[in-house]
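Enquirer:
Protein chains: 2
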Amino acid sequence: MGHRAEPEHTHPDEVPVQTALAALADPVRLRLVRELAGAADWERSCGTFDVPVGKAALSHHFAVLRAAGLLEQRDQGRGRVNRLRRAEFDARFPGLLTLVLREEIAGA
Amino acid sequence: MGHRAEPEHTHPDEVPVQTALAALADPVRLRLVRELAGAADWERSCGTFDVPVGKAALSHHFAVLRAAGLLEQRDQGRGRVNRLRRAEFDARFPGLLTLVLREEIAGA
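Note that the protein sequences, when read in sequence, are chains A and B.
The working numbering puts the first residue of the first sequence at 1, with every later residue one more than the last.
The working numbering puts the first residue of the second sequence at 109, with every later residue one more than the last.
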């Protein structure tokens with residue numbers, strides 16, 4: 001794989017609540033967040049998520065999560081690995097991730 | 109004004125978190141919720157909200173808020189009055205309304 005741009009990130013402190021809610025109000029992104037919450041930091045690479053979308057759509061969902069301050073990504077070897085920004089996001093929006101993670105999502 | 113159907117309501121206990129997040133991830137609905145939070149129960153009638161949308165769109169936003177367990181409406185005389193279901197919604201999604209109400213929404 002050739003050279004590619006590093007992903008852009010937004011810190012949760014810069015994220016309006018509306019952006020955070022919109023990022024989480026989607027079944028695919030909720031699934032990604034839930035899977036990340038169950039994994040160690042940097043454990044999951046982009047191709048390992050069990051979501052019913054193609055590569056382009058998945059890339060879009062990752063971008064939305066980064067822009068909402070929920071996701072940190074870095075390139076590692078030929079892949080890209082992921083971390084849920086749980087502590088930073090919890091500091092900015094206390095309790096929101098807990099609400100989202102506490103229940104199974106219907107149909108997801 | 110002639111006979112019309114009473115609005116249908118959904119109790120917050122029946123609402124998936126994704127539905128609650130989607131209802132709040134919209135600038136017009138956030139504005140409605142914020143205005144309701146600043147008013148007494150049943151104080152506000154439907155025509156009194158300061159939102160930049162037409163009657164049909166407003167009616168849709170009210171329906172989304174009712175389906176998310178956020179809004180109770182009842183007919184009163186020739187109008188319809190509104191109540192934020194704050195206690196019930198807080199019991200179902202602790203802290204979520206507090207997060208939403210604590211900051212001004214950019215551009216709303």
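Beta carbons are placed, not taken as given, at the ideal position from N, Cα and C, and that holds for glycine.
Small disclaimer: the values here were computed from a predicted structure and weren't measured.
From the DSSP output, in three-state form, read off residue 38 of chain A for me.
Expert: coil
Enquirer: Measure the CB-CB distance between residue 203 of chain B and residue 193 of chain B and report whether it falls below 9 Å.
Expert: no
Enquirer: For residue 143 of chain B, which residues in the same chain have their Cβ closer than 6 Å to its Cβ, ignoring the five residues on either side in sequence?
Expert: 157
Enquirer: Could you name each continuous beta strand (DSSP E) segment of 3 residues or more that falls completely within the segment 24-105 of chain A, going from the start of the chain to the end?
Expert: 71-76, 79-84
Enquirer: So, does the segment 115-129 of chain B touch the segment 181-197 of chain B, judging by three or more C-beta pairs under 8 Å?
Expert: yes
Enquirer: Can you give the beta carbon distance from residue 172 of chain B to residue 131 of chain B, rounded, assuming they're within the 8 Å contact cut?
Expert: 5 Å
Enquirer: According to a CB-to-CB cut-off of less than 9 Å, which residues of the segment 60-92 of chain A neighbour chain B?
Expert: none
Enquirer: In chain order, what residues of the same chain have a beta carbon less than 7 Å from the beta carbon of residue 197 of chain B, not counting five sequence neighbours either side?
Expert: 120, 177, 178, 205
Enquirer: Can you check which of these residues, B:152, B:141, B:151, B:136, is closest to residue 162 of chain B by C-alpha distance?
Expert: B:136
Enquirer: If we ignore side chains and look at the alpha-carbon of each, how far apart do residue 147 of chain B and residue 160 of chain B end up?
Expert: Roughly 19 Å between the two C-alpha positions.
Enquirer: Tell me, please, whether the CB atom of residue 53 of chain A is closer than 9 Å to any CB atom in chain B?
Expert: no
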